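I have placed the structure first, in the form of structure tokens, so that the comments after it can refer back to it.
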Ligand code: PHE
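Numbering (our numbering), first residue to last: 974 to 1427.
In structure tokens form, the structure reads like this:
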């Protein structure tokens, strides 16, 4: 049997896990979801979900991975010695494959905006045309053309494959440790600028002033789904990374660091984007195109704005890249363990299939955009399906598995290896894991699917 690679350092694991968590979910999806679902109502639920549901699920996934040391599809069955529980892993792998397809497309959009910023074309507004119309036109013509995002998404997939093909220590860990600090510096600079915009105060109120009138089951499930998406929960990633964590490490501590970093970046992304939205009278509810239309307005008015714009899209690209690396790692580990191929062959096979699948989604936004399923494009369906159904469902299964089948005593015993117990918080979080997480999510999903609002 091949020797399993492991992460060499704690900071490397945190960088890789935070690299997975921090991505388009924080920078592109969180702001438009918050905008669509009423701002602060969404955000309050989001934060509660991260602390009481997300955090225990993260360390549970890590613990299962470290205990079993196998790929995500087999780990859940192995930890309780019951093959039927592999359904959890299979659901996770399905989610991740679906997400990768549209993630590559959005990353392609980001790369396009990066190049358009560097060349300055994005900011050449034709005479007599309003800037917001200009940015809308650029976005529409990019997605309609299909081949631009397809080619650029492929470039992103190749960059990802390059890192994955080098393995855990030399690839994922090494590059995460380089890329994540760059990300932090770029981000702090952008936020500092955003505080100087006139819409800053309004956006703080929109995001943080409690407003429970917007609170509906739809908002709650969307916020929980987004919290899990953002933390990469229920997708086998944390189980897989857990399988590479050494027994010396404190899993709880790693999980906590990931939660804090991911939440801060999401909230700051809101603070970065909404001042632009309010300053230039854009619609907060605009959806997936929000960052591509709001921020260019700001950059347009700034001296040297196109370079800030290039930096911003570079920043988003790096965040997306470290997430893509984690996504591809799931099918790579799975395929490699099944076929015993070497890492390079496995990686490039997965990259090829991911690209081919992503072209379908890209076409669905372009030449095939007339195809609508339940009133949504193919991308819209996948986004909805994963956010509201497959990810929450996998989370329910993990919570039930850990709380009732594997049992929290065994979880705590695994966590105690390399870590210290936290008696009081453990009790509360165990209660949530066993009772609240599964019951609440099931109720919400039923109400969403049946259209009955409790
Ligand atoms: N958590 C990542 C983000 O916020 C997205 C992601 C989903 C990463 C699934 C890996 C797996 O962008």
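Backbone N, C-alpha and C define an ideal beta-carbon position, used for all residues, glycine too.
Note that this is a predicted model, so its numbers are computed, not measured.
{"Item": "Go ahead and label residue 1335 buried or exposed: buried means 16 or more other beta carbons lie within 10 angstroms of its beta carbon, across all protein chains shown.", "Value": "buried"}
{"Item": "Opposite residue 1346 in the DSSP bridges: which residues?", "Value": "1349"}
{"Item": "Could you give the distance in angstroms between the alpha-carbon of residue 1412 and the alpha-carbon of residue 1244?", "Value": "33 Å"}
{"Item": "Would a C-beta distance cut-off of 8 Å place residue 1279 and residue 1272 closer than the cut-off?", "Value": "yes"}
{"Item": "From which residue to which residue does the alpha helix (DSSP H) around residue 1069 run?", "Value": "1059-1092"}
{"Item": "Quick one: Cα of residue 1302 to Cα of residue 1100, how far?", "Value": "48 Å"}
{"Item": "Excluding the 5 residues flanking residue 1018 on each side, which residues of the same chain have their C-beta closer than 6 Å to its C-beta?", "Value": "1193 and 1196"}
{"Item": "At the level of alpha carbons, what is the spacing between residue 1414 and residue 1406?", "Value": "11 Å"}
{"Item": "Does the Cβ of residue 1410 have 16 or more other Cβ atoms within 10 Å, making it buried, or fewer, making it exposed?", "Value": "buried"}
{"Item": "Near residue 1260, what residues of its chain come up, given a Cβ to Cβ distance below 6 Å and the 5 sequence neighbours on each side ignored?", "Value": "1005"}
{"Item": "Listed in chain order, which residues are found with a beta carbon closer than 6 Å to a heavy atom of the ligand PHE?", "Value": "993, 994, 996, 997, 998, 999, 1069, 1072, 1202, 1203, 1205, 1208, 1210, 1296, 1299 and 1300"}
{"Item": "If you draw a straight line from the C-alpha of residue 1418 to the C-alpha of residue 1366, how long is it?", "Value": "9 Å"}
{"Item": "Classify residue 1427 as helix, strand or coil using the three-state DSSP reduction.", "Value": "Annotation note: pLDDT 41 at residue 1427 (below 50); position unreliable, coordinate value reported separately. In this structure, residue 1427 counts as coil in the three-state DSSP scheme."}
{"Item": "In this structure, how does DSSP classify residue 1217 when only helix, strand and coil are distinguished?", "Value": "coil"}
{"Item": "Return the first residue and the last residue of the alpha helix (DSSP H) that residue 1335 is part of.", "Value": "1316-1338"}
{"Item": "If you follow the alpha helix (DSSP H) that residue 1171 is part of, which residue opens it and which one closes it?", "Value": "Segment: none, residue 1171 is in no alpha helix (DSSP H) and carries neither H nor E."}
{"Item": "Below 8 Å, how does it come out for the segment 1292-1311 and the segment 988-995: are there three or more Cβ pairs, yes or no?", "Value": "yes"}
{"Item": "Buried or exposed for residue 1235, going by 16 or more other Cβ atoms inside 10 Å?", "Value": "buried"}
{"Item": "According to DSSP, is residue 1384 helix, strand or coil?", "Value": "helix"}
{"Item": "Starting from the Cα of residue 986, find the closest Cα among 1225, 1361 and 1313 and give me that residue.", "Value": "1225"}
{"Item": "Please list, in chain order, all residues of the same chain as residue 1371 whose beta carbon is under 7 Å from its beta carbon, the five residues on each side excluded.", "Value": "1030, 1033, 1034, 1061 and 1207"}
{"Item": "Given this structure, state the Cα-to-Cα distance separating residue 1355 from residue 1081, to the nearest angstrom.", "Value": "17 Å"}
{"Item": "Give the C-beta separation of residue 1364 and residue 1068 to the nearest angstrom, bearing in mind that I take them to be a contact with Cβ-Cβ under 8 Å.", "Value": "6 Å"}
{"Item": "With a threshold of 8 Å, are at least 3 pairs of Cβ atoms found where one atom belongs to the segment 1158-1165 and the other to the segment 1109-1122?", "Value": "no"}
{"Item": "When the distance is taken between beta carbons, is residue 1378 closer than 8 Å to residue 1083?", "Value": "no"}
{"Item": "So residue 1283 and residue 1091 are supposed to be a Cβ contact under 8 Å. How far apart are they, rounded?", "Value": "5 Å"}
{"Item": "Could you check what DSSP says for residue 1246 in three-state terms: helix, strand or coil?", "Value": "helix"}
{"Item": "Indicate the three-state DSSP secondary structure (helix, strand or coil) for residue 1108 in the structure shown.", "Value": "helix"}
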